[in-house]
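Per our numbering, the sequence shown starts with residue 2, numbered consecutively. We put the CB at the ideal spot given by N, CA and C, even for glycine. Keep in mind it's a predicted model, so treat the numbers as computed, not measured. A short worksheet on the structure shown next.
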Amino acid sequence: MTRNYRGSCLCGSISYEVSGFSSQVANCHCSMCRKFHGSAFGTLVSVTGLNWLTGKDHLKDYVGSNGTVRSFCAECGSSIGFRVKDSPLESIELAIATFDEDIPVVVDAQIYTNYKANWVTLHNKITSHGEGRDS
Ligand SMILES: [Zn+2]
Ligand SMILES: [Zn+2]
2 MTRNYRGSCL
12 CGSISYEVSG
22 FSSQVANCHC
32 SMCRKFHGSA
42 FGTLVSVTGL
52 NWLTGKDHLK
62 DYVGSNGTVR
72 SFCAECGSSI
82 GFRVKDSPLE
92 SIELAIATFD
102 EDIPVVVDAQ
112 IYTNYKANWV
122 TLHNKITSHG
132 EGRDS
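See below:
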């Protein structure tokens, strides 16, 4: 018996459910994640069984200079997710903080720490990578 986990944006227009999660989740300190999330770092998770429940038409895409696509709620501006260039919406990695409940994931890395804000303290119990996971 599998169960679904639900998430939504701040205004509630957009809601979704998923049935599974990637085992790898990282806090990303790159400047694009910081700005997109409006926070110290961004945390995104790959999911399986994504189903948009409401408000899929409220999703607005921002395409970055490198072709990466970031989706947010056109009503409230909540960051919803990220996907690589030219990939379908179904491949979106979700902004983990938009889940409405506890989810079975563990953040196992902090990445692009070379670009972190000076006022952020890194976790000393999570593996750090100055660039991506392979660095
Ligand atoms: Zn919204
Ligand atoms: Zn990033």
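Query: Round the Cβ separation of Asp109 and Thr122 to the nearest angstrom and send it over; I've been treating them as touching at under 8 Å.; Result: The Cβ separation is near 18 Å, so there is no contact.
Query: Tell me which residues pass a beta-carbon proximity test against ligand 1: closer than 6 Å to any heavy atom, given in chain order.; Result: Cys10, Leu11, Cys12, Ser14, Ile15, Cys74, Glu76, Cys77, Ser79
Query: Could you name the residues, in chain order, whose CB is less than 6 Å away from a heavy atom belonging to ligand 2?; Result: Cys29, Cys31, Met33, Cys34, Gly43, Tyr113
Query: Pull up the distance between the alpha-carbon of Ala147 and that of Thr99, whole angstroms please.; Result: Because the chain is modelled from 2 through 136, residue 147 falls outside the range shown and cannot be assessed.
Query: Would you give the residue range spanned by the beta strand (DSSP E) that Phe73 belongs to?; Result: 70-74
Query: What does DSSP give as the partner residues of Lys61 in its beta bridges?; Result: Phe73
Query: Is the region 77-85 touching the region 2-15 in the sense that three or more CB pairs, one from each, lie closer than 8 Å?; Result: yes
Query: Under 8 Å, do Phe37 and Arg7 count as touching if we go by C-beta distance?; Result: no
Query: With distances taken between CB atoms, is the gap from Ile101 to Ser9 smaller than 8 Å?; Result: Reading off the sequence shown, one finds Asp at residue 101, where the question assumed Ile. Result yes, Cβ atoms of Asp101 and Ser9 sit closer than 8 Å.
Query: Would you say Ala96 and Gly43 are within 8 Å of each other, going by their C-beta atoms?; Result: yes
Query: Is DSSP giving Arg84 helix, strand or coil here?; Result: strand
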